[in-house]
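In UniProt numbering, the protein residues as written are 1 to 276.
Reviewing the structure listed below.
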């Protein structure tokens, strides 16, 4: 477990606070997990963003009438901190009985508080239900590898040695799987996700990718670090000209977390999957 997470509200009984309380936000430094992967803030081999979507966002108008909406939060992948997910939910709940004169006022408040916790500017969009409904759900790009016939023997920890490639052949392709699962390092609860690998480099064996992704099944780590580990293992193997890895996780507590990591600057579309 990340040492800072021991002091977070995750896995503990928490009082429901319904009035504005930004002090509920609990930042966790990324540096410890980066160190496990052999990188530092100065040597990050990726760019990217963590998209958080909140489906339980509500506040009061000056008349006292409540409003519900859906929040989208874009946290830079190189921000000093992640925000612990239960503290994020508790903070958002603290807006439920708080008055905001406009969506703009709410958005400015969210940007200020979340940026302070993350240590870098956080992008915020407050979307109406009609806007999100009109967007609908999207399908993942590329080839789904889940139907491949593979034999699985390890579920306890990621095994990069399972990955195989053809070093004599360079391809450009997109592969995806819905079989990513890991566990919360604090509560042990399952985190379900779909992962996408877009690359140009040595030809990756799809079956080996599938067995590798399934090896995360009992692994305990945060969403962001799972994606970063996958990215680094593939980068080391494929020696790619281009690589983007991202995961779309199923929501828990009204929040879903969607980390994107890439060799280059990206502006991904935050499209909701059918499981989200």
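We put the beta carbon where it would ideally sit given N, CA and C, even for glycine.
Beta bridge pairing from DSSP links residue 176 with 144, 196.
The C-beta distance from residue 243 to residue 89 rounds to 32 angstroms, too long to fall under 8 angstroms, and the pair is not in contact. Taking residue 117 as the centre and dropping the five residues before and after it, the same chain places the C-beta of 25, 27, 81, 83 closer than 7 angstroms to its C-beta, in chain order. The DSSP-derived three-state label of residue 60 is strand. Under DSSP, residue 182 takes part in a beta bridge, and its partners are 191. Under the three-state reduction of DSSP output, residue 125 falls in the strand class. For the pair residue 107 and residue 206, the Cα-to-Cα distance works out to about 42 angstroms. Burial state of residue 147 is exposed, judged by a 10 Å Cβ sphere holding fewer than 16 other Cβ atoms.
DSSP, read as helix, strand or coil, puts residue 244 in strand.
Taking every protein chain shown into account, the CB of residue 237 has 16 or more other CB atoms within 10 angstroms, so this residue is buried.
As the crow flies, the alpha-carbon of residue 129 is around 44 angstroms from that of residue 165. Contact between the segment 210-218 and the segment 255-267 is not established, with fewer than three Cβ pairs separated by less than 8 angstroms. Counting only unbroken stretches of 4 or more residues, the alpha helix (DSSP H) elements lying wholly within the segment 201-268 are 206-214, 223-238, in sequence order. DSSP, read as helix, strand or coil, puts residue 118 in helix. As computed with DSSP, residue 72 is found in a beta bridge with 53, 125. When secondary structure is reduced to three states using DSSP, residue 132 falls in the helix class. Between the segment 168-179 and the segment 131-143 there are three or more C-beta pairs closer than 8 angstroms, enough to call the two in contact. In the structure shown, the three-state DSSP call for residue 166 is strand.
For residue 96, there is no enclosing alpha helix (DSSP H), as DSSP marks it with neither H nor E. Contact between residue 49 and residue 69 does not hold, since the beta-carbon distance rounds to 21 angstroms and is not under 8 angstroms.
The alpha-carbon of residue 257 is positioned some 14 angstroms away from that of residue 56. For residue 85, the number of other beta carbons within 10 angstroms of its own is at least 16, and it is reported as buried.
Bounds of any alpha helix (DSSP H) do not take in residue 46, whose DSSP letter is neither H nor E. Closest in alpha carbon position to residue 19, among 95, 125, 64, is 95. The DSSP-derived three-state label of residue 83 is strand.
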